[in-house]
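Take the sequence shown: its letter number 46 is residue 46 in full-length UniProt numbering, and every next letter is one higher.
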Amino acid sequence: MAAEGAETYNPWTIVNLVFTHLAEQGLHPVFGGEGHPGDPAAALLRALGIVPTVEGDARVRTSVHSELAELRARVLGADETS
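Here is the structure:
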């Protein structure tokens, strides 16, 4: 939970703002050309003094959903996909 009065931002909004600014300056930034863009995006946010959270990482969310599906299948004995 964020501290009372603390501002929060969607990390991808910040990354988009930086990329838009760089593109307006004639540069052509690229993330993820060699893999998932989450790691370089997180590094950019840290460089700006922003602490990225795992909630914004789609890989973490996908992993959690997969693990929950496996647990559901083991406990309920069915292969449910909801």
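The beta carbon of each residue, even a glycine, is placed where N, CA and C say it ideally should be.
Classification of residue i by the beta-carbon crowding that lies within 10 angstroms, buried from 16 upward
i     : result
Ala41 : buried
Gly35 : exposed
Val15 : buried
Met1  : With a pLDDT of 49 at Met1, under the threshold of 50, the predicted position of this residue should be treated as unreliable, though the coordinate-derived value follows. Per the 10 Å Cβ criterion, exposed.
Beta-carbon separation (whole angstroms), residue i vs residue j, contact threshold 8 Å
i     : j     : result
Leu45 : Pro37 : Not quite, the Cβ-Cβ distance comes to about 12 Å (not below 8 Å), so this is no contact.
DSSP state of residue i mapped onto helix, strand, coil
i     : result
His65 : helix
Val15 : helix
Glu34 : coil
His21 : helix
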